[in-house]
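Going by the UniProt record's numbering, the sequence shown opens with residue 1, and the numbers climb by one from there. Ideal placement from N, C-alpha and C gives every residue a C-beta, glycine not left out. One structure is given here, and the rest of the page talks about it.
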Amino acid sequence: MLIWLAAAGVWGLVAVGALIAFYALQLPSIGALMDETRRPGITLLARDGSLLATGGEFYATPRAVRELPPHVWQAVVAIEDRRFFNHFGIDIIGLARAVVVNLTEGRTAQGGSSLTQQVAKKRLSDQ
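In structure tokens, the structure reads:
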């Protein structure tokens, strides 16, 4: 009986490893994730330079985190993911808290995703 249990455990680990490898191969490259996929904005000007109309999406020039004042990124981390520096990208405590609250409320009352998960979701959903 113990041998069968050990064999089942080994095959379970092999199956989980194969599943992880399968999904890892489906992921886009890091370079593709870093490419901007924003829709362009357009500004129509009259001959004299006055504004006629604007359309599309407009964004500020992207900035690297290292270019921001420390209080900006510290505020984002404080609000969005207090344990950002204490987990490996997935906040198990936050996920568990959200599951318990959502089950007791009977609806989606809280989210449990970390900043890392939010960035991954945003970048992968844009692909």
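Here S114 is buried: its Cβ has 16 or more other Cβ atoms, across all protein chains shown, within 10 Å. As DSSP reads the structure, I42 sits in a beta bridge with G55. Straight across, the Cα-Cα distance linking F88 with T116 is about 9 angstroms.
Residue state for I90 is assigned as coil, using DSSP reduced to three classes. For E80, the uninterrupted alpha helix (DSSP H) segment begins and ends at 70 to 80. For V65, no alpha helix (DSSP H) segment is defined, and its DSSP state is neither H nor E. Of the residues assessed, D48 falls on the exposed side of the cut-off, its CB having fewer than 16 other CB atoms within 10 angstroms. Per DSSP, the unbroken alpha helix (DSSP H) holding R123 starts and ends at 115 to 125. Contact between G112 and V99 holds: their C-beta atoms lie close to 7 angstroms from each other, under 8 angstroms. DSSP, reduced to helix, strand and coil, places A7 within a helical segment of the structure shown. Here the C-alpha atom of F84 lies approximately 18 angstroms from the C-alpha atom of K122. Contact check for L44 against A53 passes: the beta carbons are separated by less than 7 angstroms.
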